[in-house]
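J.: Protein chains in written order, with the numbering used here: chain A, 3 to 311; chain B, 463 to 815. For every residue, glycine included, the Cβ atom is placed at its ideal position computed from N, Cα and C. What follows is a single structure, and I will ask about it in a moment.
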Amino acid sequence: MQLPSEGLGPWGVAVALVGGAMRGSIPYMFVSLGECLTEKSGKINLGMEGVLLMGAMTAFAVSDLTGSPWLGVLAAAAAGLVLGAIHAWLTQQPAVNDVAAGIAMILFGSGLAFFFGKRFVAPMAPQLPLLQLGGWSHVPAVESALRISPLFFIGIVVSFLLHWLFTRTRWGLNIRAAGDDPQAARALGINVNAVRFLAITLGGALAAVGGAHLTLYFPGIWSEGISGGQGLMAVALVIFARWSPRRCLAAALLFGGAQALGPSLQSLGVNGYYHLFNASPYLLTMAVMIATCSPNRRLAGMPGALGKK
Amino acid sequence: MKRAESILIPFGAIAAGMIVFGIFCALAGANPLLVYASLWKAGFGSWYSWQNTLVRASPLLLCGLCTSLPARAGIIVIGNEGALVVGGLGAISAGLATLSMPPWFCLVTMGIAAMLCGGLWIAFSVALQHYRGVSAVISGLLLNYLAIAFMNQLIEGPLRDPSSLNNPATYPLTPDHRLAYFSGTHVHHGILFGVIACLIAWILVDRTTFGFSLKISGGNVRTAQLVGLPVGKLVVIAGFLGGACAGLAGMIEVAAVHGRGNESLNAGYGYVGILVAFLSRQSPLGVLVVSVMVGGLLASGGMLQRAHDLPDATITVLQGILFLFILLSDTVYGRFRTRAHINSGVKANAVAV
């Protein structure tokens, strides 16, 4: 792969890393924010991989058919809304396990995405306009590394909005109450089922927008391997971020950067361990979880009723 | 009554799922009845299609056990794909190292290496949950990705056969060091491993003290500890046995299907194995039946494309729908019983995270 940073030496790696982190973090950002909203209400959605793929395919198809990438983003969100609603309804039935339902949703969502995406494999859809943040520099490498999708900034806004929602509003309080202690929330007159349904459904919509980034950003094609398992990471990212939307942002940037590490080291001629560098985010999460988890106490910030029936 | 339920409800769920799938096909412009007929024909219609089905059922039998054995102890394992991949890698490494030995020795070494790799892989993830509180679901997902990265590293690095240009692969096994076929068929002996593993697992969980202790640990950890069961050891052993099965599935793929280690190891059998385990409600005998059914589904992907112009992902949609309906059917258990039965405390076994 030809990288824009070539010729800049070690600085090139830094520029490529920053640019790569900002680009690569976008799907992680949206799936983790969606998962964060879901889990705050006390339910787990392991099926974000299916949502992400469905979002990617829908965004691509709608952008291709209508010529408007922003309509594509909206359609992706709508698709995520539907998948989220199915998951929300299913997991609220008695005796249905969140995790098993998530695995079913991965199969269902990715199956649907591949089914309808079959006819869209070849062409290229209109892409989202990019923001040029590198205008101050005359080095083409810096300019191209800092060409960022507007979804990056939307993601940042959403994460601060969610933080505000959880800490400063009654709705946020209701979601947290449903997630921490559904019995007490019911006693307070909160309709726990409705709150959870809304949170899971909107969480799905958010995650699907992350999928839209995958197909509406360079190189702008749809393929079945496009997500590379980024949706599966949602649950791990949220644990990593300790259920805080602002820390989700940081975690997403870290994972995006780690993902850019392999390709940018390759541009320096270090390519012996390409695949292992690519796996560094997974190794990192694993290490952090082993270091911080304990069987005797709950994790700080974890919703009290998470994953319980 | 309970027995009737445990047969009627899964079949009812499958029937409902098939109806929804039929509607889906109709909306996509295919005749649902003809699609059903093709599914049947491609999976079970002739001896030839039975052979295809059985070839796909072999890794599914073993991958299904990988989830259903630890589930007895109340732990959800979804790291099947990773265990299959490391099992395959262990098998090919051991196989290539013992190529100069007689074939039977080589194959036995491959099998043991695969079971050790897969077993330790899942045992590690289960031990993390029991001793460190790291959910086996999360560690399983992460380990799947680590296994795939490790595989890519090995087949493009140290184990790479320089003659495999575009599709990197390890050096191949020689033909007599591969797993044999039943004469006159293209079904390999791997299916025997799967069937035997299911029977052993059934005896283990339903007919031994070990299985009973596992069930107690899965039902209530405190009770298990109070009666003096070594819960930690039990769940880790269950994880090891499950992982060993998935690892053996990797060995079968390497030694019978591909003859070398390459990217096809990561073909999704591990993930479908989770579906098999849930469809069979975590029962080893159920795995035996369901693997053949799902193997038939996997075998019919190409047929749907040729005969009905439906993409091969149609089978994935069907798997998803069936899985959703099976989960939904869990809510129905006990509703057909009288109140007295319900009050006597019979409860559908739900697996806790």
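Mind listing, in chain order, the continuous alpha helix (DSSP H) runs of no fewer than 4 residues lying wholly within the region 113-200 of chain A?
T.: As far as the region 113-200 of chain A is concerned, its whole alpha helix (DSSP H) runs of at least 4 residues are 142-147, 152-170, 172-182, 184-189.
J.: For a contact defined as C-beta to C-beta under 9 Å, what are the partners of A:Y30 on chain B?
T.: Those within 9 Å of A:Y30 in chain B number zero; the least Cβ separation is about 14 Å.
J.: How would you write the range of the alpha helix (DSSP H) that A:H89 sits in, first residue to last?
T.: Start and end: 71-93.
J.: Going by the beta-carbon positions, is the gap between A:A106 and A:M59 smaller than 7 Å?
T.: No, Cβ-Cβ distance for A:A106 and A:M59 is not below 7 Å.
J.: Exposed or buried, what is A:R300 when buried is set at 16 or more other beta-carbons lying within 10 Å of its beta-carbon?
T.: Exposed, since its Cβ has fewer than 16 Cβ neighbours within 10 Å.
J.: Between the region 56-73 of chain A and chain B, which residues of the former have CB atoms less than 7 Å from a CB of the latter, in chain order?
T.: Hits within the stretch: zero.
J.: What would DSSP say about B:K809, mapped onto helix, strand or coil?
T.: Low local confidence applies: a pLDDT of 47 at B:K809 is under 50, so the model's placement there is unreliable, with the coordinate-based value given in what follows. The answer is coil: DSSP assigns B:K809 none of H, G, I, E or B.
J.: Mind reading off the beta-carbon distance from A:G86 to A:A243? Whole number of angstroms is fine, and I expect it under 8 Å.
T.: Going by Cβ atoms, the distance from A:G86 to A:A243 rounds to 20 Å, so no, they are not a contact pair.
J.: DSSP on A:N47, reduced to helix/strand/coil?
T.: Correct three-state label for A:N47: coil.
J.: Could you have a look at A:L277 and say whether DSSP puts it in helix, strand or coil?
T.: It is His, not Leu, that sits at residue 277 of chain A in the sequence shown. Three-state result, A:H277: helix.
J.: Roughly how far, in whole angstroms, is the beta-carbon of B:A519 from the beta-carbon of B:S753, given that I think they are within contact range, below 8 Å?
T.: Rounded, the Cβ-Cβ distance is 5 Å, consistent with contact.
J.: Is the distance from the Cβ of B:L703 to the Cβ of B:E715 below 7 Å?
T.: No. Outside cutoff.
J.: According to DSSP, which residues form a beta bridge with B:T632?
T.: Answer is B:R622.
J.: Taking C-beta pairs closer than 8 Å, name the residues in chain A that B:L790 reaches, listed in chain order.
T.: Result: L92, Q95, V98.
J.: Indicate whether at least one CB of chain B lies closer than 7 Å to the CB of A:L278.
T.: Yes, A:L278 counts as interfacial toward chain B.
J.: Determine, for A:A102, whether the minimum Cβ-Cβ distance to residues of chain B falls below 7 Å.
T.: Answer yes: the Cβ-Cβ gap between A:A102 and chain B drops below 7 Å somewhere.
J.: Specify whether the region 19-32 of chain A and the region 89-104 of chain A touch according to this definition: at least 3 beta carbon pairs, one from each stretch, less than 8 Å apart.
T.: They do not touch, by the three-pair rule.
J.: Out of B:V588, B:E467, B:C525, B:Y498, state which residue places its alpha-carbon closest to the alpha-carbon of B:C660.
T.: Ranking the options by Cα distance to B:C660, first place goes to B:C525.
J.: Using a Cβ-Cβ distance under 7 Å, would B:Q781 count as near chain A?
T.: Chain A, which has a Cβ nearer than 7 Å to the Cβ of B:Q781, makes this yes.
J.: In this structure, how does DSSP classify B:N724 when only helix, strand and coil are distinguished?
T.: The answer is strand: DSSP assigns B:N724 an E or B state.
J.: For a quick check, are the C-beta atoms of B:T825 and B:G757 less than 7 Å apart?
T.: Nothing about residue 825 of chain B can be read from this structure; chain B reaches only from 463 to 815.
J.: With DSSP as the reference, identify every bridge partner of B:H650, one or two as the case may be.
T.: Answer is B:Y643, bridged to B:H650.
J.: Specify, as a first and last residue, the run of the alpha helix (DSSP H) that B:R768 falls within.
T.: That run of the alpha helix (DSSP H) goes 763-770.
J.: Measure the C-alpha to C-alpha separation of A:N280 and A:L190 and round it to an integer number of angstroms.
T.: Answer to the nearest angstrom: the Cα atoms are 48 Å apart.
J.: How long is the line joining the alpha carbons of B:S508 and B:S500, rounded to whole angstroms?
T.: When rounded, the distance between both Cα atoms is 12 Å.
J.: So with Cβ pairs under 7 Å, would you call A:M50 a contact of chain B?
T.: Closer than 7 Å: no.
J.: So, A:F154 versus A:I28, is the Cβ gap smaller than 7 Å?
T.: For A:F154 and A:I28, yes; Cβs fall inside 7 Å.
J.: For the alpha helix (DSSP H) containing B:K677, name the first residue and the last one.
T.: Element bounds for B:K677: 671-681.
J.: Which chain A residues sit within Cβ distance under 7 Å of B:F740?
T.: Near B:F740 (Cβ distances below 7 Å), the residues of chain A are A102.
J.: Starting from B:Y593, trace the alpha helix (DSSP H) both ways and give me its first and last residue.
T.: Segment: none, B:Y593 is in no alpha helix (DSSP H) and carries neither H nor E.
J.: How long is the line joining the alpha carbons of A:G119 and A:C250, rounded to whole angstroms?
T.: If you take the alpha carbons of A:G119 and A:C250, they lie about 30 Å apart.
J.: Go to B:K503, then tell me how far its alpha helix (DSSP H) extends in each direction, as first and last residue.
T.: Element bounds for B:K503: 494-506.
J.: Please report the residue range of the alpha helix (DSSP H) in which B:F740 lies.
T.: Run containing B:F740: 731-741, per the alpha helix (DSSP H) assignment.
J.: I need the boundaries of the alpha helix (DSSP H) containing A:E226, first residue and last residue.
T.: No alpha helix (DSSP H) holds A:E226; DSSP gives it neither H nor E.
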